[in-house]
Amino acid sequence: MASTYQGRRSGGSRRSSGGKGGRGKGGRGARTVAVRRTAPLVREPVTLPSVLTLGELAEKLETTGVEVIKELMKLGMMATINQQIDYATAARVAQALGWETNEEESALAGEGDNFETRRIEAEADPEAKARPPVVTIMGHVDHGKTKLLDSIRSANVAEGEAGGITQHIGAYQVDTQGRKITFLDTPGHEAFTAMRARGAQATDVAVLVVAADDGVMPTTREAVAHIKSAQVPMVVAINKIDLPTANPDRIKQQLSEIEVMPEEWGGDVPFVEVSAREKLGLDDLLEVITLVADVNELKANPHKPASGVVVEAKVDRTRGPVATLLVQSGTLNPRDAVVAGATWGRVKAMFDDRGRKIRRAEPSTPVEILGLLEAPQAGDTFTVFEDEKMAREVAERRAAQRRAESLTADRSFKLTDLSHEVSEGGIAELRVIIKADVSGSLGAIQSSLLKLNEEVPEGVQLSITYAGTGAIGESDVSLAVATRSIIIGFNVRPDVAAKRAADATGVDIRFYNIIYHLLDEVKAAMTGLLAPVYHDQTDGYAEVRETFRLPGGDVAAGLYVLDGKINRNSRVRVLRSGTVMHEGTVKSLKRFKDDVREVAAGYECGIGLDGYNDLQTGDQLEFFHREEVARA
Ligand code: GDP
27 MASTYQGRRS
37 GGSRRSSGGK
47 GGRGKGGRGA
57 RTVAVRRTAP
67 LVREPVTLPS
77 VLTLGELAEK
87 LETTGVEVIK
97 ELMKLGMMAT
107 INQQIDYATA
117 ARVAQALGWE
127 TNEEESALAG
137 EGDNFETRRI
147 EAEADPEAKA
157 RPPVVTIMGH
167 VDHGKTKLLD
177 SIRSANVAEG
187 EAGGITQHIG
197 AYQVDTQGRK
207 ITFLDTPGHE
217 AFTAMRARGA
227 QATDVAVLVV
237 AADDGVMPTT
247 REAVAHIKSA
257 QVPMVVAINK
267 IDLPTANPDR
277 IKQQLSEIEV
287 MPEEWGGDVP
297 FVEVSAREKL
307 GLDDLLEVIT
317 LVADVNELKA
327 NPHKPASGVV
337 VEAKVDRTRG
347 PVATLLVQSG
357 TLNPRDAVVA
367 GATWGRVKAM
377 FDDRGRKIRR
387 AEPSTPVEIL
397 GLLEAPQAGD
407 TFTVFEDEKM
417 AREVAERRAA
427 QRRAESLTAD
437 RSFKLTDLSH
447 EVSEGGIAEL
457 RVIIKADVSG
467 SLGAIQSSLL
477 KLNEEVPEGV
487 QLSITYAGTG
497 AIGESDVSLA
507 VATRSIIIGF
517 NVRPDVAAKR
527 AADATGVDIR
537 FYNIIYHLLD
547 EVKAAMTGLL
557 APVYHDQTDG
567 YAEVRETFRL
577 PGGDVAAGLY
587 VLDGKINRNS
597 RVRVLRSGTV
607 MHEGTVKSLK
617 RFKDDVREVA
627 AGYECGIGLD
637 GYNDLQTGDQ
647 LEFFHREEVA
657 RA
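What follows is the structure, encoded as structure tokens:
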């Protein structure tokens with residue numbers, strides 16, 4: 027696809043005219059001439075995606091490809107009209123032509139790259155061709171995800187096939203009745219959320235596995251929340267039907283209660299009964315997946331430089347950085363200059379999921395590549411650039427941007443952001459994840475929160491991304507990042523891992539133990555009137571290793587400090603399985619026989635609490651102080 031300026035026709039008009047009929051022909055030329063100027067104008071800022079071709083940029087800037095190429099040359103870059111550039115480069119060109127720019131949210135928030143937007147995009151591309159579906163398997167632990175992936179693979183790889191030794195590269199492709207299906211074989215939704223949090227989405231069809239002898243479990247519900255918020259079509263595989271205790275109807279009943287309604291009951295979710303162990307129903311499952319894929323008319327254009335997502339990456343001692351890429355559009359070839367996340371390199375060699383060397387990888391093909399300078403991160407997107415120099419520059423700029431971002435933190439949504447949006451007169455949606463100690467309060471909170479929608483002005487909407495009982499875990503935080511939700515904890519606290527993840531990503535977690543405080547604050551945020559808030563700042567976590575009774579009858583505990591440091595003046599919460607048992611102050615803090623002011627992570631100490639004598643081995647103590655946070 028080497029192209030010169032004449033390429034404008036195909037590159038520039040591809041998206042908007044869709045190549046259909048003569049609509050694009052005359053109109054375009056006239057429009058571009060009229061506005062070709064570089065003087066600053068008073069106009070709306072233009073929104074640009076994270077990667078686009080020069081043709082697309084020219085169109086957005088209402089100018090010609092030649093102008094854009096000229097500006098790029100002034101910046102020291104040579105490029106053709108079909109070449110892709112990243113947002114930062116596009117923004118510089120746009121500024122030179124008198125435009126202000128915004129980066130499209132979708133690439134950052136993970137919300138925009140949903141199934142629907144990609145489908146619409148592919149549809150508008152006249153060169154798009156049918157491509158295999160990409161499937162992720164999700165579900166509760168031990169429900170048989172791994173077994174199902176293994177069985178599908180072994181049943182569909184012809185034995186004795188040349189080089190038929192299967193490799194684990196993070197994804198594989200099977201043939202079923204002449205059709206291909208790609209499976210991402212990191213089961214569970216960690217990979218799925220990690221990708222969404224980075225703005226990528228690889229999955230076309232999600233298979234939810236539920237063991238017929240066990241039923242809907244917490245992770246099943248979480249997986250449903252993930253799938254629904256990503257708007258990915260779902261297929262339910264009821265697994266382990268070989269067991270005498272299997273009860274598929276009960277599973278259907280339970281799933282229909284969380285709005286996963288079987289087709290046979292008038293819903294829109296196909297259910298298939300399988301046994302991963304006995305290899306029963308696997309062909310049915312593959313057939314249903316193909317049908318779902320057909321309904322959604324999955325397409326991509328193979329005739330352009332490849333782009334897609336990183337499925338897995340590592341540094342191999344002998345081979346260097348190795349990455350598994352899933353091509354989502356275009357075709358990947360050896361020697362291509364690839365930018366993946368914040369690293370880049372030329373493809374030295376490409377292998378398929380059976381370790382065979384291949385020379386081209388079309389849309390939906392997973393491929394292992396050598397040649398990147400470093401290992402990117404799973405979930406990073408990748409793009410092929412025609413020009414090696416540009417690839418290097420883009421990678422370097424991204425690396426710098428990531429460093430800067432890790433310093434200034436986060437793009438996560440805050441309750442105060444909502445007030446801001448509301449007072450600016452924007453339409454705002456507040457998405458919340460609710461975790462509560464018991465299901466009784468959970469139900470009450472859910473329904474009262476949804477009722478707020480009727481009490482607040484139009485243009486503000488609250489929706490519940492996920493609600494569940496138990497401690498706030500790491501997966502709640504990753505769901506919050508992926509969906510730009512805030513987390514509300516009612517009588518529950520995050521565990522150490524979740525706290526770390528929230529600190530790293532800036533997810534807003536709010537804690538309450540009185541429902542009307544919770545409702546007041548959320549309502550205030552929704553009406554744009556959020557009062558100054560007090561935030562609990564965690565100082566450290568410790569774990570009770572042993573307890574002993576003091577002569578006076580009080581109970582003291584031997585602690586090990588897990589994280590941060592604990593202070594004599596801190597307030598303290600006693601957590602048992604994530605539930606708050608007590609909140610109060612420290613009576614005594616000792617190391618050996620001495621009173622101390624603070625104890626850091628990695629050390630042991632003794633503690634007594636004011637008015638609380640029920641400490642138990644295994645309790646976690648959270649030490650914190652209260653700060654007033656300035657309104658945004
Ligand atoms: P994962 O945690 O969801 O990946 O679950 P695994 O694939 O590791 O399976 C958990 C356990 O269930 C293993 O002991 C499997 O052998 C067993 N298992 C998986 N599928 C089936 C099945 O169809 N029937 C029966 N009886 N056992 C199964």
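Position in the sequence shown (first residue = 1) + 26 = my numbering. A virtual CB, placed ideally from N, CA and C, is assigned to each residue, including glycine.
Is the beta carbon of residue i sitting closer than 8 Å to the one on residue j?
i, j, result
"P288", "V295", "yes"
"Q646", "E547", "no"
"F516", "S467", "yes"
"E388", "T357", "yes"
"Y492", "I514", "no"
"A116", "L78", "yes"
"V235", "L174", "yes"
"L210", "V119", "no"
"L312", "T208", "no"
"L74", "E129", "yes"
"A84", "E93", "yes"
"D362", "V410", "yes"
"D230", "A319", "yes"
"V250", "I163", "no"
Which residue from the options puts its Cα closest to that of residue i?
i, options, result
"T495", "L175, P520 and G632", "P520"
"R457", "A425, S465, D502 and A417", "D502"
"Q403", "V365, R382, G381 and V258", "V365"
"R602", "A120, E648 and E82", "E648"
"D463", "A363, F377, Y538 and A237", "Y538"
"P158", "V72, Q121 and S390", "S390"
"H561", "D534, A156, V314 and Y586", "D534"
"T106", "E313, L585, L80 and E290", "L80"
"Y576", "L635, V522, A524 and Y629", "The amino acid occupying residue 576 in the given sequence is Leu; Tyr does not appear at that position. The shortest C-alpha separation from L576 is found at L635."
"R660", "D565, G578 and G334", "Summary: the structure shown does not reach residue 660, with the chain confined to residues 27 through 658, and so no result is reported for it."
"S177", "Q109, V300, D168 and Q280", "V300"
"E82", "Q109, M99 and M103", "Q109"
"Q227", "M376, L352 and P152", "L352"
"M260", "P331, A401 and V286", "V286"
"M552", "I384, G170, E480 and N265", "E480"
"P328", "N359, L101 and M103", "N359"
"S489", "L478, I498, D320 and G499", "L478"
"A349", "D310, K440 and G405", "G405"
"D379", "I195, A122, K171 and S614", "I195"
"A524", "H543, S504, L281 and G499", "G499"
"V625", "P71, V321 and Y567", "Y567"
To the nearest angstrom, report how far apart residue i and residue j are at their CA atoms.
i, j, result
"A454", "L269", "49 Å"
"I471", "G610", "25 Å"
"Q199", "G165", "21 Å"
"T212", "V161", "11 Å"
"L641", "T573", "7 Å"
"A506", "I512", "6 Å"
"G346", "L396", "7 Å"
"H608", "A237", "38 Å"
"N273", "H252", "25 Å"
"S132", "T643", "Only weak support is given to the placement of S132: the predicted model assigns it a pLDDT of 42, under 50, and the question is left unresolved by the model."
"K591", "E630", "11 Å"
"E137", "R510", "At E137 the pLDDT is 37, less than 50, meaning the model places this residue with poor confidence and gives no usable figure here."
"D681", "E323", "Here the chain comprises residues numbered 27 to 658, so residue 681 is not present and cannot be evaluated."
"R303", "T344", "36 Å"
"V522", "W291", "42 Å"
"L475", "T245", "24 Å"
"A676", "H169", "As shown, the chain starts at 27 and ends at 658. That puts residue 676 outside it, with no answer to give."
"E653", "R536", "14 Å"
"E422", "M376", "24 Å"
"R372", "A156", "28 Å"
"D112", "S76", "6 Å"
"Q121", "R424", "19 Å"
"Y638", "K440", "34 Å"
"G381", "R179", "15 Å"
"I540", "V258", "36 Å"
"A401", "R617", "45 Å"
Is it the case that the CB of residue i approaches a heavy atom of ligand 3 more closely than 7 Å?
i, result
"L234", "Here the bound small molecules are ligand 1; ligand 3 is not part of this structure."
Taking only runs of the alpha helix (DSSP H) that begin and end inside the region 441-528, which ones reach a length of at least 4 residues, in chain order?
441-449, 465-481 and 500-509
Beta strand (DSSP E) runs wholly inside the region 323-395, at least 3 long, in chain order
333-342, 346-355, 363-366 and 369-377
Those runs of the alpha helix (DSSP H) which lie wholly inside the region 83-132 and span at least 4 residues
91-100 and 113-122
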